[in-house]
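Q: Chains as they are written, first to last, in my numbering: chain R, 89 to 564; chain Z, 89 to 564.
Note that beta-carbon positions come from the ideal geometry of N, C-alpha and C, so glycine has one too.
Just so it is clear, the structure is predicted and the values come from calculations on it, not from any experiment.
After the structure tokens below, expect a handful of questions from me.
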């Protein structure tokens, strides 16, 4: 426990490591430039010494902190540091690192070293990172396992992404209803230390069917001869491995759970979910959603190679380009109108922009409501009514302001009124689209965070151009 | 524990409640329209019966689920349901509800009922919701407390928002180093049940200075005559009440903590942080960030009154309007160029839009890196170089595509090249702004999630218009 450290310590370590590795890079560059052999020896010694110093700095780090340092290093430094880490520590850091960084680390690791690192992983951790391990190495590992272990590994790997099965651990401590507290404790002592997050012992019958949970805190204060069935909770919330991790996460948050049993369709206990895995899942899901809303396809290593980054950003950039082309075709319909009054060209982006902004505010609220299950079929009409009224009132207020601005700039009353009208129309459309688009994507079984924003912006851009230029042609 | 239920049950309950309340609303409207007295009586009976049914449905709900149902109801229904809830349950639901909904509930509660509800809260919970309780009622509650309790309450309320002090609870179970396990357990039995999240007993000396933590799991398996100091962890990660909740949350995630002691500047134990409070904080922070990035000032009740919603969205709408006006002024500089070739007006929004999209992708990555502390002074140059190269390569690829599109539409080579050049320039500026703006906001001590997007869009809009129209004037 003593290697858990306050944030500031960790930042100091990170900064030290970066500086030591930077110094080495400079030394290496110098060595390349000159060929005085003696100097070269001195510099190599210096480099070696710097690396030893780096090793000293990271030696006492918690695996999670080591993963953090690796994640925060630019790619070259990351590789250099990675090579300095002992296989056992490297294995733990690999489990803790974020997926994109884990992938990058594995790709720069030699085959022999990777085998040694992987040999330090237990089954749960191996299943967890299996997706990123090269197929041939995974096959060797599989071959080296006992039959039951191999079966368990196959099963674990087979659980779909974001399922309870993927997050659960198979490490479980069990007891029997008919035992007394002292019998149960004697059993547990034989197994050795309890895991850190055990807030209860799962109680099963002879066929391993889950009967209840005996809370650790109750066991602690119970009389030794008390029967387990008198102090267990008989109706714990249990999950199935194929349940969605998202649903389990909500239950953990709502009911403040620390652990929950995972059972199969016949009620047999096969594993448990713990709050630390659930917390990681929540953080990653929130993170992925924020990135998706900005039009990034997946998580991206902050120091990913250029080509990988460019690829990650391509799909939505392409969609954006297409929609922008289509939306601006509406402007093309009014070229003669613009020819008559070029001021229109300077004002039309304002109408589009205000609409996009409003639409995306609504999108953010609706996506959040969907994530928390607060948007139900019964409440959608209320929601639409509210959003339309909000945007109508905002439209009148801000539209008038914009109209006054246009009047001030170009001195034409009618132009101001056209501007106001277009803003009101676009804000109302923006609100409707902001509710409808994420709901439609959700109904189609897609992630509303991914794409809602681009689609709504497309709608508000098109509407903004059409409404403004159309009104202008009618009234100017 | 038996009132924890799977998600689907809960949605059924919510749907039932909404339908029952809807039916009542219809009955009420009918009653207004006709004045046949007998019918009125029947309908009132029916209404009463519906409400009884609603009460039955919510009677067994966990407080967190009750809060969820309240959050998911449109405002009228919410008030009706709220009035049906017993003060004790109402108190718990109030603690669990999200701040905006809590505020709304309190505002519709009569003074007498609110007093009764608040009388059911313990000190920690009272401090937690104190901000939303009307000043005069809070004064009365304060006056009714014993001196020590009042002092504790004042202290708790005084901790700044998002501090460890705000999240911590004062409920702590302590022991002494010199005790044996059986002595400690005897002490604990006198106090009654341990709290659900106790994964350790805090060990203090005679002056209440924290000495260590004795893990529950170690106590459970220890021999009764073992000394506490032989099994306690002596160097637990402890927080101060004035520490930022964000830092504590990161430590909980990183080290998979369940509880952590909170000590004052003299090392005395004054409370503890538990993982459930930390999880709520993480969810709320992620949530607030997603909303902030969409330009919403704060959390917003999905069914907030129109005026409150309009106000919540006003500040960023206003900023957006201002920046849009300024950005489009750059178009104004080129009115004669547009007059010569109206096609420019249809193409310029594409350049602006692609830039905005790219810039905001970079912003999302940088904000995430800042949130995880992965962006350090030493790594910023690497990050900028990478983002510039990514956007340069994307600029060349997508710029060429856009140029070909323009060529296809208008049949002019030079126009296509101008378009390509403008896109390249704008994407490079977008990358630079996408890194620089959030970093600058962070350096200024502001939340980079709030405002980065608007500022970057302003920069890319302006650059897009300027680069495209400027190049067009030069070469066309």
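Whose C-beta lies closer than 6 Å to the C-beta of residue 472(Z) among residues of the same chain, with five residues either side of it excluded?
A: Within the second chain, the letter at position 384 stands for residue 472(Z). 523, listed in sequence order.
Q: With DSSP as the reference, label residue 361(Z) as helix, strand or coil.
A: By one-based count along the second chain, residue 361(Z) stands at place 273. If DSSP states are grouped into helix, strand and coil, residue 361(Z) belongs with the strands.
Q: Tell whether a beta-carbon distance below 9 Å holds between residue 342(Z) and residue 370(R).
A: As a first step, residue 342(Z) is located in the second chain; it is residue number 254 there, counting from the start. As a first step, residue 370(R) is located in the first chain; it is residue number 282 there, counting from the start. No, they are not a contact pair.
Q: Is the beta carbon of residue 334(Z) less than 9 Å from the beta carbon of residue 378(R)?
A: As a working mapping, residue 334(Z) is identified with position 246 in the second chain. As a working mapping, residue 378(R) is identified with position 290 in the first chain. No, they are not a contact pair.
Q: List the whole-angstrom C-beta distance separating residue 276(Z) from residue 357(Z), where the pair is believed to meet the contact cut-off of C-beta under 8 Å.
A: The sequence position of residue 276(Z) within the second chain is 188, counting from 1. The sequence position of residue 357(Z) within the second chain is 269, counting from 1. Residue 276(Z) to residue 357(Z), Cβ: 16 Å. No contact.
Q: Within a Cβ cutoff of 7 Å, which residues of the same chain sit near residue 159(Z), ignoring the five residues on either side of it in sequence?
A: Walking along the second chain from the start, residue 159(Z) turns up at place 71. Counting only Cβ-Cβ distances below 7 Å, and skipping sequence neighbours, we find 185, 186, 189.
Q: Which residue's Cα is closest to the Cα of residue 391(R): 435(Z), 537(Z), 418(Z), 454(Z)?
A: Translated into positions along the first chain, residue 391(R) becomes position 303. That would be 454(Z), whose Cα lies nearest to the Cα of residue 391(R).
Q: Does the region 306-315 of chain Z come close enough to the region 249-261 of chain R to have 3 or more Cβ pairs within less than 8 Å?
A: They do not touch, by the three-pair rule.
Q: How many angstroms separate the CA atom of residue 411(Z) from the CA atom of residue 432(Z)?
A: Start at 1 with the first residue of the second chain, and residue 411(Z) comes out as number 323. Start at 1 with the first residue of the second chain, and residue 432(Z) comes out as number 344. Taking the straight line from one Cα to the other gives about 21 Å.
Q: Pull up the distance between the alpha-carbon of residue 131(Z) and that of residue 549(R), whole angstroms please.
A: Walking along the second chain from the start, residue 131(Z) turns up at place 43. Walking along the first chain from the start, residue 549(R) turns up at place 461. Spanning the two alpha carbons is a distance of roughly 51 Å.
Q: For residue 101(Z), does the three-state DSSP call read helix, strand or coil?
A: For this step, residue 101(Z) is matched to residue 13 along the second chain. Here residue 101(Z) sits in helix by DSSP.
Q: Could you name each continuous alpha helix (DSSP H) segment of 4 residues or more that falls completely within the region 341-410 of chain R, going from the start of the chain to the end?
A: Complete alpha helix (DSSP H) runs here, min 4: 363-381.
Q: For residue 383(R), is the classification buried or exposed, using 16 other Cβ atoms within 10 angstroms of its Cβ as the cut-off for buried?
A: As a working note, residue 383(R) is residue 295 in the first chain. So residue 383(R) ends up on the buried side.
Q: Here's a check: name, in chain order, each residue in its chain whose Cβ is nearer than 7 Å to the Cβ of residue 380(R), leaving out the five neighbours to either side.
A: For the purposes of this step, residue 380(R) is taken as the residue at position 292 of the first chain. These residues qualify, in order along the chain: 535, 537, 538.
Q: On a CA-only basis, which of 499(R), 326(R), 546(R), 273(R) is nearest residue 404(R)? Give me that one, please.
A: As a position in the first chain, residue 404(R) is number 316, starting the count at 1. The shortest Cα separation from residue 404(R) among 499(R), 326(R), 546(R), 273(R) belongs to 546(R).
Q: Can you check which of these residues, 146(Z), 442(Z), 559(Z), is closest to residue 544(Z) by C-alpha distance?
A: What you label residue 544(Z) is simply residue 456 of the second chain in a count that begins at 1. Measuring from the Cα of residue 544(Z), the nearest candidate turns out to be 442(Z).
Q: Could you work out which residues of chain Z lie near residue 446(R), taking near to mean beta carbons separated by less than 8 Å?
A: Numbered from 1 along the first chain, position 358 holds the residue referred to as residue 446(R). Those are 401, 405, listed as they occur along chain Z.
Q: Are the CB atoms of residue 105(Z) and residue 157(Z) nearer to each other than 9 Å?
A: The residue given as residue 105(Z) occupies position 17 in the second chain. The residue given as residue 157(Z) occupies position 69 in the second chain. Taking 9 Å as the Cβ cut-off, residue 105(Z) and residue 157(Z) qualify as a contacting pair.
Q: Starting from the N-terminal side, write out each stretch of the alpha helix (DSSP H) that is 4 residues or longer and does not extend beyond the region 202-263 of chain Z.
A: Correct list: 211-217, 223-232, 235-246, 252-255.
Q: The region 275-290 of chain R: which residues have C-beta closer than 8 Å to a C-beta of chain Z, in chain order?
A: For the region 275-290 of chain R, which is checked against every Cβ of chain Z, the residues closer than 8 Å are 276, 277, 281, 282, 283, 284, 285, 286, 287.
Q: Who does residue 315(R) pair with in a DSSP beta bridge?
A: For this step, residue 315(R) is matched to residue 227 along the first chain. Paired residues: 268(R).
Q: Mapping the DSSP letters down to three states, classify residue 298(Z) as helix, strand or coil.
A: As a working mapping, residue 298(Z) is identified with position 210 in the second chain. Residue 298(Z): strand per DSSP, three-state reduction.
Q: Tell me, please, whether the CB atom of residue 453(R) is closer than 9 Å to any CB atom in chain Z?
A: Within the first chain, residue 453(R) is the residue found at index 365, counting from 1. At least one chain Z Cβ lies under 9 Å of residue 453(R).
Q: Count the C-beta pairs between the region 205-212 of chain R and the region 170-186 of chain R that are closer than 8 Å, then say yes if the count reaches three, no if not.
A: The region 205-212 of chain R, when compared against the region 170-186 of chain R, does touch it at the 8 Å Cβ threshold.
Q: Any C-beta of chain Z within less than 9 Å: which residues of the region 301-315 of chain R qualify?
A: Hits within the stretch, in order: 301, 303, 304, 305, 306, 307, 308, 309.
Q: Short of 8 Å in beta carbon distance, which residues of its chain neighbour residue 495(Z), apart from the five on each side in sequence? Order them along the chain.
A: Walking along the second chain from the start, residue 495(Z) turns up at place 407. Excluding positions up to five away in sequence, the list reads 501, 503, 504.
Q: Would residue 216(R) pass as an interface residue toward chain Z - the criterion being a Cβ-Cβ separation below 9 Å?
A: As a first step, residue 216(R) must be located in the first chain, where it is residue number 128. Output row for residue 216(R): interface = no.
Q: Please tell me whether residue 478(Z) and residue 527(Z) are closer than 9 Å, where the distance is taken between their beta carbons.
A: Against the second chain, residue 478(Z) aligns to sequence position 390. Against the second chain, residue 527(Z) aligns to sequence position 439. It is not a contact, given that the beta carbons lie outside the stated cut-off.
Q: With a cut-off of 8 Å on the beta carbons, I'd call residue 491(R) and residue 507(R) a contact; round off their distance for me.
A: Translated into the one-based positions of the first chain, residue 491(R) becomes position 403. Translated into the one-based positions of the first chain, residue 507(R) becomes position 419. At roughly 5 Å, the Cβ-Cβ gap stays under 8 Å, so residue 491(R) and residue 507(R) are in contact.
Q: I think residue 360(R) touches residue 260(R), with their Cβ atoms under 8 Å apart; what is that distance to the nearest whole Å?
A: Indexing the first chain from 1 puts residue 360(R) at position 272. Indexing the first chain from 1 puts residue 260(R) at position 172. Indeed, because the Cβ distance is near 5 Å, the residues count as touching under 8 Å.
Q: Would you identify the three-state DSSP class for residue 288(R), choosing helix, strand or coil?
A: Taking the first chain and counting its residues from 1, one reaches residue 288(R) at position 200. If DSSP states are grouped into helix, strand and coil, residue 288(R) belongs with the strands.
Q: Just checking: is the beta-carbon of residue 339(R) within a distance shorter than 9 Å of some beta-carbon in chain Z?
A: The residue labelled residue 339(R) in the question sits at position 251 within the first chain. Yes, residue 339(R) counts as interfacial toward chain Z.
Q: Look at the Cβ atom of residue 268(R), then the Cβ atom of residue 316(R), and state whether they are nearer than 9 Å.
A: Mapped onto the first chain, residue 268(R) falls at position 180. Mapped onto the first chain, residue 316(R) falls at position 228. Result yes, Cβ atoms of residue 268(R) and residue 316(R) sit closer than 9 Å.
Q: Would you give the residue range spanned by the alpha helix (DSSP H) that residue 488(R) belongs to?
A: As a position in the first chain, residue 488(R) is number 400, starting the count at 1. Run containing residue 488(R): 468-498, per the alpha helix (DSSP H) assignment.
Q: If distances are taken between C-alpha atoms only, which option among 493(Z), 170(Z), 233(Z), 216(Z) comes closest to residue 202(Z)?
A: Taking the second chain and counting its residues from 1, the one referred to as residue 202(Z) is at position 114. Residue 202(Z) has its Cα closest to that of 170(Z), out of 493(Z), 170(Z), 233(Z), 216(Z).
Q: Please list, in chain order, the chain Z residues whose beta carbon lies closer than 9 Å to that of residue 150(R).
A: Indexing the first chain from 1 puts residue 150(R) at position 62. Neighbours of residue 150(R) on chain Z, chain order: 342, 343.
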